[in-house]
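**Student:** Using my numbering, the first residue of the sequence shown is number 1, and each one after it goes up by one. No residue lacks a Cβ here, since even glycine has one placed at the ideal position from N, Cα and C. A single structure is presented below for examination.
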Amino acid sequence: MATLLISDLHLHPGAPEITEGFLRWLEERACGCDALYILGDFFEAWVGDDLLDLAGRDPSGNADLAARIATALRRLADDGTALYLMHGNRDFLLGERFADEAGATLLPDPSVVELGGRPVLLMHGDSLCTRDTDYQAFRAQARHPQWQQQVLAMPIEQRVALASQLRAQSGEANSNKAEDIMDVTPEEVVKAMAEHGVTTLIHGHTHRPAVHELEVEGKPARRYVLGDWQPGTGWEIAIDGGAPQLREIPLGQ
Numbered sequence: 001m002a003t004l005l006i007s008d009l010h011l012h013p014g015a016p017e018i019t020e021g022f023l024r025w026l027e028e029r030a031c032g033c034d035a036l037y038i039l040g041d042f043f044e045a046w047v048g049d050d051l052l053d054l055a056g057r058d059p060s061g062n063a064d065l066a067a068r069i070a071t072a073l074r075r076l077a078d079d080g081t082a083l084y085l086m087h088g089n090r091d092f093l094l095g096e097r098f099a100d101e102a103g104a105t106l107l108p109d110p111s112v113v114e115l116g117g118r119p120v121l122l123m124h125g126d127s128l129c130t131r132d133t134d135y136q137a138f139r140a141q142a143r144h145p146q147w148q149q150q151v152l153a154m155p156i157e158q159r160v161a162l163a164s165q166l167r168a169q170s171g172e173a174n175s176n177k178a179e180d181i182m183d184v185t186p187e188e189v190v191k192a193m194a195e196h197g198v199t200t201l202i203h204g205h206t207h208r209p210a211v212h213e214l215e216v217e218g219k220p221a222r223r224y225v226l227g228d229w230q231p232g233t234g235w236e237i238a239i240d241g242g243a244p245q246l247r248e249i250p251l252g253q
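Encoded structure:
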């Protein structure tokens, strides 16, 4: 039975093709798999698990989308698939309530798990982009429990506005950054893999799907990068007893 890994779906009401494609993928591809790992940025934004309380009366459609996705994941979990969710830079406020309703386990970033008979380091990938110092400063703030508590104490309308503001600021800032700044720092990749004693790393975040050959402490190693999902196409890594396989997958009818 295969283990599947995905990331960077950025689900939101404005991209129904990706949502529908993902739900079909769950039924047609993920159904019956041993485990599914979602490595961050599952949602375009997440303002708190109390969003689920607004299902059926949220004009933005975000609450209904969240409830629908939780129900679909729960169905997969009830059929025997182990589900794991990792925070990304867009949905770092995803909490235990959503995970419980989805039948999933929140996975720390980073985590080492055994896949295909070998230890594999799983990350979202944003912490590897150390040349982007402005982003790393924001990441440290956004992952701090006290800051998160302060944000979650705001009325949900204010949180929605804050999320929109942060996305706009991020888009403007990224448009002025060199491409290599927003990619991983090679030395940081080797450092992370060495610290965790692995020769296989899987992550997302950069939207640059590829398999990279490298060396870690004199040993051959591989870094697998998941791609982001778009209308009509997505990316997965499948592990079925052998080496991970990175695949582009069609999401059509």
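Output the distance between the C-alpha atoms of G14 and K219, rounded to the nearest integer angstrom.
**Tutor:** About 45 angstroms.
**Student:** Do the CB positions of L5 and I249 come within less than 8 angstroms of each other?
**Tutor:** Their beta carbons are not under 8 angstroms apart, which means L5 does not touch I249 by this criterion.
**Student:** State the DSSP-derived secondary structure class of F138, mapped to helix, strand or coil.
**Tutor:** Residue state, collapsed to three classes: helix.
**Student:** I need the DSSP call for T71, collapsed to helix, strand or coil.
**Tutor:** If DSSP states are grouped into helix, strand and coil, T71 belongs with the helices.
**Student:** Within the continuous beta strand (DSSP E) that includes T233, where are the two ends?
**Tutor:** Note, T233: beta strand (DSSP E), T233 to I239.
**Student:** Would you kindly work out how many angstroms separate the C-alpha atoms of A142 and D240, rounded to a whole number?
**Tutor:** Rounded to whole angstroms, A142 to D240 spans 36 angstroms at the Cα level.
**Student:** Sort out for me which residues DSSP pairs M154 with in a bridge.
**Tutor:** Partner(s): none; M154 has no beta bridge.
**Student:** Please specify which runs of the alpha helix (DSSP H), each continuous and at least 4 residues long, are wholly inside the region 29 to 108, giving them in chain order.
**Tutor:** Listed in chain order, the complete alpha helix (DSSP H) runs (minimum 4 residues) inside the region 29 to 108 are 62 to 78 and 96 to 102.
**Student:** Please report how far the alpha carbon of P145 lies from the alpha carbon of C31, in whole angstroms.
**Tutor:** For P145 and C31, the distance between alpha carbons rounds to 35 angstroms.
**Student:** Can you tell me where the beta strand (DSSP E) holding E27 begins and where it ends?
**Tutor:** First-last for E27: undefined, no H or E at that position.
**Student:** Smallest Cα separation from V160: which of E179, L54 and D183?
**Tutor:** Answer by Cα proximity: L54.
**Student:** Spatial neighbours of G242 within its chain, please: C-beta separation below 7 angstroms, excluding the five flanking residues on both sides.
**Tutor:** G116, listed in sequence order.
**Student:** Output the distance between the C-alpha atoms of F22 and Q230, rounded to the nearest integer angstrom.
**Tutor:** Cα to Cα, the separation comes out at about 10 angstroms.
**Student:** Do N62 and R139 count as a contact pair if the criterion is CB distance below 8 angstroms?
**Tutor:** Cβ atoms of R139 and N62: not closer than 8 angstroms.
**Student:** Quick check on this structure: which residue in A2, V211, K191 and V190 has the alpha carbon closest to the alpha carbon of A82?
**Tutor:** The option with the nearest alpha carbon to A82 is A2.
**Student:** CA-CA distance, D126 and P59?
**Tutor:** Spanning the two alpha carbons is a distance of roughly 32 angstroms.
**Student:** Pairs of beta-carbons, one from the region 148 to 165 and one from the region 39 to 52, closer than 8 angstroms: are there three or more?
**Tutor:** With the cut-off at 8 angstroms, the region 148 to 165 and the region 39 to 52 touch.
**Student:** For the region 193 to 218, which segments carrying the beta strand (DSSP E) assignment without a break, of at least 3 residues, lie completely within its bounds, in sequence order?
**Tutor:** Runs of the beta strand (DSSP E) inside the region 193 to 218: 200 to 203 and 210 to 216.
**Student:** Can you grab the Cα-Cα spacing for the pair E114 / F92, in whole Å?
**Tutor:** E114 and F92: Cα-Cα distance of roughly 24 angstroms.
**Student:** Using only the alpha-carbon positions, how far apart do L94 and W235 sit?
**Tutor:** Cα to Cα, the separation comes out at about 22 angstroms.
**Student:** Quick one: what's got a C-beta closer than 8 angstroms to E96's C-beta in the same chain, skipping five residues either side?
**Tutor:** Correct list, in chain order: D49 and L106.
**Student:** By DSSP's criteria, R222 is part of a beta bridge. Which residues make up the other side?
**Tutor:** Answer is T200 and E213, bridged to R222.
**Student:** According to DSSP, which residues form a beta bridge with P119?
**Tutor:** Answer is E114, bridged to P119.
**Student:** If I measure Cβ to Cβ from R74 and keep anything under 6 angstroms in the same chain, skipping five residues before and after, which residues do I get?
**Tutor:** The residues are A102 and G103.
**Student:** How big is the Cα-Cα spacing for E179 and E44?
**Tutor:** If you take the alpha carbons of E179 and E44, they lie about 21 angstroms apart.
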